[in-house]
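See structure below.
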Amino acid sequence: QLRVFDTAGDSHVFQTQLPFVPRRCLYLVMFDLSVETVDPDSDLTDQLETSLSKIYEHAPMSYVILVGTHVDDKRLTKDILDYTWGKVNALLQRARPSHRERFSGESSIGNCLLCQKADHLYR
Numbered sequence: 003q004l005r006v007f008d009t010a011g012d013s014h015v016f017q018t019q020l021p022f023v024p025r026r027c028l029y030l031v032m033f034d035l036s037v038e039t040v041d042p043d044s045d046l047t048d049q050l051e052t053s054l055s056k057i058y059e060h061a062p063m064s065y066v067i068l069v070g071t072h073v074d075d076k077r078l079t080k081d082i083l084d085y086t087w088g089k090v091n092a093l094l095q096r097a098r099p100s101h102r103e104r105f106s107g108e109s110s111i112g113n114c115l116l117c118q119k120a121d122h123l124y125r
């Protein structure tokens with residue numbers, strides 16, 4: 003059975019849908035990579051961190067896939083993509099110690115960026 007909940011990035015919608023979302027599920031957290039072309043000081047990582055924190059609080063054993071969208075935006079340069087990835091990477095690096103502590107002793111997921119042993123996360 004597949005159920006899809008679209009919160010459209012709205013934290014209020016997310017909060018109201020939480021009671022209907024199973025505690026163990028797959029979350030697709032999507033974010034607009036082109037936001038940096040419009041506003042280099044955007045709060046992209048703040049929004050991502052808020053979303054990931056809410057998921058972790060509600061369903062700490064769930065899987066999360068981060069999806070960067072708008073990669074085909076003509077305004078996106080390699081420098082902007084690298085800068086945006088750097089911000090996302092820094093956020094994931096901050097989450098890494100608690101993630102590893104939470105899942106210590108369990109087999110890691112082969113493609114989990116936070117379970118990998120490398121000090122730098124790759125896209």
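Note that this note's numbering numbers the sequence shown so that position 87 is 89, with each residue one more than the last. The beta-carbon is built from N, C-alpha and C at its ideal position, and this holds for glycine as well. All values derive from a computational prediction rather than experimental measurement.
| Query | Result |
| --- | --- |
| Residue 30 versus 96, 16 and 41, residue with shortest Cα-Cα distance | 16 |
| Segment limits, alpha helix (DSSP H) that includes residue 84 | 80-104 |
| For residue 86 and residue 126, believed in contact at Cβ under 8 Å, the rounded distance | This structure cannot speak to residue 126, because the chain is shown only from 3 to 125. |
| 8 Å Cβ cutoff met for residue 33 and residue 46 | yes |
| Cβ neighbours of residue 125 in the same chain (closer than 6 Å, five flanking residues each side left out) | In this prediction, residue 125 has a pLDDT of 49, which is less than 50 and means its spatial position is unreliable; what the coordinates show is noted afterwards. Around residue 125: 87. |
| Residue 50 versus residue 18: straight-line alpha-carbon distance, rounded | 18 Å |
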